[in-house]
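The listed protein sequences derive, respectively, from chains A and B.
Using my numbering, the letters of the first sequence map in sequence onto residues 22 to 134.
Using my numbering, the letters of the second sequence map in sequence onto residues 3 to 118.
In what follows, a structure is listed as structure tokens, so that the remarks can point back to it.
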Amino acid sequence: KAGVTQTPRYLIKTRGQQVTLSCSPISGHRSVSWYQQTPGQGLQFLFEYFSETQRNKGNFPGRFSGRQFSNSRSEMNVSTLELGDSALYLCASSLGTNTGELFFGEGSRLTVL
Amino acid sequence: AQTVTQSQPEMSVQEAETVTLSCTYDTSESDYYLFWYKQPPSRQMILVIRQEAYKQQNATENRFSVNFQKAAKSFSLKISDSQLGDAAMYFCAYRSGGNTGNQFYFGTGTSLTVIP
Numbered sequence: 022k023a024g025v026t027q028t029p030r031y032l033i034k035t036r037g038q039q040v041t042l043s044c045s046p047i048s049g050h051r052s053v054s055w056y057q058q059t060p061g062q063g064l065q066f067l068f069e070y071f072s073e074t075q076r077n078k079g080n081f082p083g084r085f086s087g088r089q090f091s092n093s094r095s096e097m098n099v100s101t102l103e104l105g106d107s108a109l110y111l112c113a114s115s116l117g118t119n120t121g122e123l124f125f126g127e128g129s130r131l132t133v134l
Numbered sequence: 003a004q005t006v007t008q009s010q011p012e013m014s015v016q017e018a019e020t021v022t023l024s025c026t027y028d029t030s031e032s033d034y035y036l037f038w039y040k041q042p043p044s045r046q047m048i049l050v051i052r053q054e055a056y057k058q059q060n061a062t063e064n065r066f067s068v069n070f071q072k073a074a075k076s077f078s079l080k081i082s083d084s085q086l087g088d089a090a091m092y093f094c095a096y097r098s099g100g101n102t103g104n105q106f107y108f109g110t111g112t113s114l115t116v117i118p
């Protein structure tokens, strides 16, 4: 069974631009979560989608948004990029039950110049 | 909100020795799950071990075991017979047990170095 796939793996943007990251979950997984990982901050929860609905949202500004499609694939978008948005963005999928573990992708490393 | 604290930013261990990584958490919930995840350099994060809060018995997975102290809200990871492949960043994580979605709370991580 294929794992969680994130694209692109690396990207460089400049301040003010926007970016869209994509995540394909493990087949059969209906929950997709996004996390921002920065040195010293650990993983910060962005949001979770389950069956195309946002089920939870972290404490990030409105510039960060996401969506989930009927095939469970998810995208997250960051508009008006700031230098502080440079991070590794991790996508994780799970069955969505209250006992499920997270399965992570390799991440998309975003650098904002 | 729940918080997870890992007070050891870096740890090192000699190959074949045992090391314990610390984690404490703060919650008012009684039903929850705890996890240890491993993130090798430039590789994806994988689950090491999980513990259900309602279980008194400590979880064990081969060389990895936990010391779960519910009253003290402590969840440490013990790695026995350390191997070079154990070198990684280790994250402790918490998840509510209720049907509140799939939000995990992570600590800031402990970077483990294994010395040959």
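A virtual CB, placed ideally from N, CA and C, is assigned to each residue, including glycine.
Please read these numbers as outputs of a predicted model, since none were measured by experiment.
Asked	Found
Near serine 114(A), which residues of its chain fall below 7 Å by C-beta distance, leaving aside the five closest residues on each side in sequence?	Val25, Pro46, Ile47, His50, Ser52, Val53 and Phe124
Run through DSSP, which three-state label would leucine 104(A) get?	helix
Looking only at DSSP bridge pairs, what is threonine 20(B) linked to?	In DSSP, threonine 20(B) forms no bridge with anything.
So if DSSP puts glutamine 41(B) in a beta bridge, which residue, or which two residues, is it bridged to?	Met91(B)
Does tyrosine 96(B) come within less than 9 Å of chain A when only Cβ atoms are used?	no
Any beta-carbon of chain B closer than 9 Å to the one on glycine 63(A)?	yes
Quick check on DSSP: helix, strand or coil for leucine 67(A)?	strand
Tell me the DSSP bridge mates of asparagine 98(A)?	Thr41(A) and Ser86(A)
Where in the segment 44 to 91 of chain B do unbroken runs of the beta strand (DSSP E), each at least 3 residues long, occur, reported from the N-terminal end onward?	48 to 54, 66 to 71 and 76 to 81
How far does the beta strand (DSSP E) with valine 2(A) in it extend, from its first residue to its last?	Residue 2(A) is absent from the model: chain A starts at 22 and stops at 134.
Quick one: which chain B residues come within Cβ less than 8 Å of glutamate 127(A)?	Arg45 and Gln46
Classify isoleucine 33(A): buried if its beta carbon has 16 or more other beta carbons within 10 angstroms, exposed otherwise.	exposed
Cβ closer than 9 Å: which chain B residues qualify as neighbours of arginine 76(A)?	Thr102, Gly103, Asn104 and Gln105
Using the beta-carbon count (16 or more within 10 Å), is alanine 3(B) buried or exposed?	exposed
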